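>
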Amino acid sequence: MAGETVITIVGNLVDDPELRFTPSGAAVAKFRIASTPRIFDKQSNEWRDGDALFLTCSVWRQAAENAAESLTKGIRVIVQGRLKQRTYDDREGIKRTVYELDVEEVGPSLKTATAAITRNGANGRQSAPQHNRAPQGHQQPQRDPWGQAALTEPPF
Numbered sequence: 001m002a003g004e005t006v007i008t009i010v011g012n013l014v015d016d017p018e019l020r021f022t023p024s025g026a027a028v029a030k031f032r033i034a035s036t037p038r039i040f041d042k043q044s045n046e047w048r049d050g051d052a053l054f055l056t057c058s059v060w061r062q063a064a065e066n067a068a069e070s071l072t073k074g075i076r077v078i079v080q081g082r083l084k085q086r087t088y089d090d091r092e093g094i095k096r097t098v099y100e101l102d103v104e105e106v107g108p109s110l111k112t113a114t115a116a117i118t119r120n121g122a123n124g125r126q127s128a129p130q131h132n133r134a135p136q137g138h139q140q141p142q143r144d145p146w147g148q149a150a151l152t153e154p155p156f
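What follows is the structure, given as structure tokens:
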């Protein structure tokens, strides 16, 4: 929608998603994500962690149930949603502002991990995992989808 700030953040879950249900039965999962930039320090000639951004995220309905079932503390995730600002008075009467993310999409980062996808089927039942990987320790024969030998290096 116009005027909304849509952002994508990559980071690690600080805690397990907490699944709750509204009085009308809608599922909502809350979790926090820490996104820490890597900064190159020219003086030491080394990479180091920068200051982490901690952001509270809320995801709704079926995605909330899927996130609560699939994600755990420490997992690197990619989160996309609408950034919201909320102002309130704390217990001492001091005005505070917090930023939260209303999540549209969330999933594990596959940069340093793998994931097996299970689609939710009709009536909330799950279908078979959607992957074609051999069990760990077993070699699956490589299939050439174009009927020719695979390139050994990129053409660029």
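Just so we're aligned: the sequence shown equals residues 1 to 156 in the working numbering.
Note that beta-carbon positions come from the ideal geometry of N, C-alpha and C, so glycine has one too.
Note that the structure is a prediction, hence the values are computed from the model and not measured.
What's the call for residue 106, buried or exposed, on a 16-neighbour Cβ count within 10 Å?
With 16 or more other Cβ atoms within 10 Å, it is buried.
> Measuring only the C-alpha atoms, how far is residue 112 from residue 93?
So the alpha carbons of these two residues sit roughly 45 Å apart.
> What number of angstroms, rounded off, separates the C-alpha of residue 68 from the C-alpha of residue 116?
One C-alpha to the other measures close to 16 Å.
> Which one of 21, 43, 24, 49 has the shortest CA to CA distance from residue 34?
For the residues 21, 43, 24, 49, the minimum Cα distance to residue 34 belongs to 49.
> Mind checking which residues open and close the beta strand (DSSP E) that includes residue 65?
That residue, residue 65, is in no beta strand (DSSP E); its alpha helix (DSSP H) goes 61-70.
> Comparing alpha-carbon positions, which option in 42, 114, 71 lies nearest residue 12?
Among 42, 114, 71, the Cα nearest to that of residue 12 belongs to 71.
> With a 10 Å radius around its C-beta and 16 neighbouring C-beta atoms as the bar for buried, classify residue 131 as buried or exposed.
Because residue 131 carries a pLDDT of 48, less than 50, the predicted location of this residue cannot be relied on, and the following value inherits that uncertainty. Answer is exposed; the Cβ neighbour count stays below 16.
> Excluding the five sequence neighbours on either side, which residues of its own chain have a C-beta within less than 7 Å of the C-beta of residue 64, listed in chain order?
Result list for residue 64: 19, 27, 28, 29, in chain order.
> Quick one: Cα of residue 134 to Cα of residue 109, how far?
Confidence at residue 134 is low in this model, with a pLDDT of 49, below 50, so its placement is unreliable and the value that follows should be read with caution. Rounded to whole angstroms, residue 134 to residue 109 spans 21 Å at the Cα level.
> Once you ignore the five residues that flank residue 98 on each side, which residues in its own chain have a CB closer than 6 Å to its CB?
Around residue 98: 86.
> Starting from residue 11, trace the beta strand (DSSP E) both ways and give me its first and last residue.
That run of the beta strand (DSSP E) goes 5-13.
> Could you check which residue in 47, 40, 78 has the C-alpha nearest to that of residue 9?
Considering only alpha carbons, the answer is 78.
> With distance defined between alpha-carbon atoms, name the residue in 96, 82, 100 nearest to residue 4.
Checked all of 96, 82, 100; the closest Cα to residue 4 is 82.
> Which residue's Cα is closest to the Cα of residue 55: 7, 24, 120?
Closest by alpha carbon: 7.
> Return the bridge partner residues of residue 73 from the DSSP annotation.
DSSP, once it has assigned bridges, lists no residue as partnering residue 73.
> I believe residue 96 touches residue 88 by the beta-carbon criterion, under 8 Å. Please report the beta-carbon distance rounded to the nearest angstrom.
Right, the Cβ-Cβ distance comes to about 6 Å (below 8 Å), so this counts as a contact.
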